[in-house]
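Engineer: Residues in the sequence shown are numbered consecutively from 0, following numbering that gives the first Met the number 0.
C-beta atoms are modelled at their ideal positions from N, C-alpha and C, and glycine is treated no differently.
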Amino acid sequence: MIHGILLKWITQYGYVGLVSLLFLGILGIPVPDEALLTFSGFLVSKGDLRLVPTIASGFLGSSCGITVSYGIGRIFGVLFVKKYGSIVHFSPDRMDNVARWFQKYGKWTLTFGYFLPGIRHLIAIVAGSSRLKFSEFALFAYLGALTWATTFILLGYYVGEDWELVLGKIHGYLIPVMVVFIVFPAIFLFFRNRNRHRKNRD
């Protein structure tokens, strides 16, 4: 029911509705982010919305949300979020898992973390608490926001009325695909850097 209400919000308020809902979704409010983006792409295919403003709205909402999350982590730290995160269903265990992801794979988790539910809501908080420079945060996080928003909006645009069916199938393969694109390259870079350090010692 809530799902349908949110989609009606996009239909009624268009770009403003998309920006506001994505902003809340990235902050951790239970909003079906990918569904909103894909549905917006479907509205573009019908002529109810225009492609470029829709992508811009998706980018704006998600980048604003993740920037606020970064600020929360920078100002208050992870301990604050662990203490009060239950309000938006952020458990300490989830926070610890995301922190390990960030330590292991670095700043690229800000880019690809958007595609992983449960990661995108917390990764910016972890980045902020780690004192990552804002310029570095912005480069990786905003690239991810643009890529993520564009991907799902174009998906909805091209599949049209079948957007819900296609989105459901994609979610089943999303985590394995992201593991291939994130974990394997990260392992490769880890061993390559380790070999370089060994050569430098020799």
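Can you say whether Arg-119 is buried or exposed, counting buried as having 16 or more other CB atoms within 10 angstroms of its CB?
Structural biologist: One-based indexing of the sequence shown puts residue 119 at position 120. Arg-119 comes out buried.
Engineer: In angstroms with no decimal places, state the Cα-to-Cα distance between Phe-133 and Ser-68.
Structural biologist: In the sequence shown, residue 133 corresponds to position 134, counting from 1. In the sequence shown, residue 68 corresponds to position 69, counting from 1. Approximately 12 Å between the Cα atoms of the pair.
Engineer: Any idea if Ile-152 is buried or exposed, counting beta-carbon neighbours within 10 angstroms, 16 or more meaning buried?
Structural biologist: Sequence index remark: in the sequence shown, residue 152 carries index 153 (1-based). By the Cβ neighbour-count rule, Ile-152 is buried, with 16 or more other Cβ atoms within 10 Å of its own.
Engineer: Counting Cβ pairs closer than 8 Å, one from the region 48-55 and one from the region 11-24, do we hit at least three?
Structural biologist: yes
Engineer: Taking three-plus beta-carbon pairs below 8 Å as touching, is the region 148-164 in contact with the region 29-41?
Structural biologist: Between the region 148-164 and the region 29-41, the count of C-beta pairs closer than 8 Å reaches three or more; the two stretches touch.
Engineer: Quick check on DSSP: helix, strand or coil for Gly-128?
Structural biologist: Here residue 128 refers to the residue found at position 129 of the sequence shown. The sequence given here has Ser at residue 128, not Gly. Correct three-state label for Ser-128: helix.
Engineer: Do you know whose CA, among Val-125, Asp-95, Val-158, lies nearest Ile-71's CA?
Structural biologist: In the sequence shown, the residue the question calls residue 71 occupies position 72. Looking at the Cα atoms, Val-125 is the closest of the given residues.
Engineer: Use the C-beta contact count for Gly-46: other C-beta atoms within 10 angstroms, 16 or more gives buried, fewer gives exposed.
Structural biologist: Here residue 46 corresponds to residue number 47 of the sequence shown, with the count starting at 1. It is exposed - the Cβ of Gly-46 has fewer than 16 other Cβ atoms within 10 Å.
Engineer: CB-CB under 6 Å to Val-30, same chain, minus the five flanking residues each way: which ones, in chain order?
Structural biologist: As a first step, residue 30 must be located in the sequence shown, where it is residue number 31. Answer for Val-30: Leu-20, Leu-23, Gly-24, listed in chain order.
Engineer: Below 8 Å, is the gap between the Cβ of Leu-115 and the nearest heavy atom of the ligand NAP?
Structural biologist: The ligand NAP is not among the ligands present in this structure, which contains no ligands whatsoever.
Engineer: Considering Cα atoms alone, identify which of Lys-106, Thr-66, Leu-78, Phe-114 is closest to Leu-166.
Structural biologist: Taking the first residue of the sequence shown as 1, we reach residue 166 at position 167. When only C-alpha atoms are compared, the closest one is Phe-114.
Engineer: Does the beta-carbon distance from Leu-109 to Phe-75 come in below 9 Å?
Structural biologist: On the sequence shown, position 110 is the one that residue 109 refers to. On the sequence shown, position 76 is the one that residue 75 refers to. The answer is no: Cβ separation not under 9 Å.
Engineer: With DSSP as the reference, label Ile-1 as helix, strand or coil.
Structural biologist: As a working note, residue 1 is residue 2 in the sequence shown. Low confidence applies here, because Ile-1 scores a pLDDT of 49, under 50, leaving its location unreliable and the question unanswered by this model.
Engineer: Compute the distance between the beta-carbons of Leu-145 and Ser-62, then report whether it is under 9 Å.
Structural biologist: Translated into positions along the sequence shown, residue 145 becomes position 146. Translated into positions along the sequence shown, residue 62 becomes position 63. In this structure, Ser-62 lies closer than 9 Å to Leu-145 by Cβ.
Engineer: Can you list, in chain order, the stretches of the alpha helix (DSSP H) that have 4 or more residues and sit fully within the region 95-143?
Structural biologist: Complete alpha helix (DSSP H) runs here, min 4: 107-111, 122-128.
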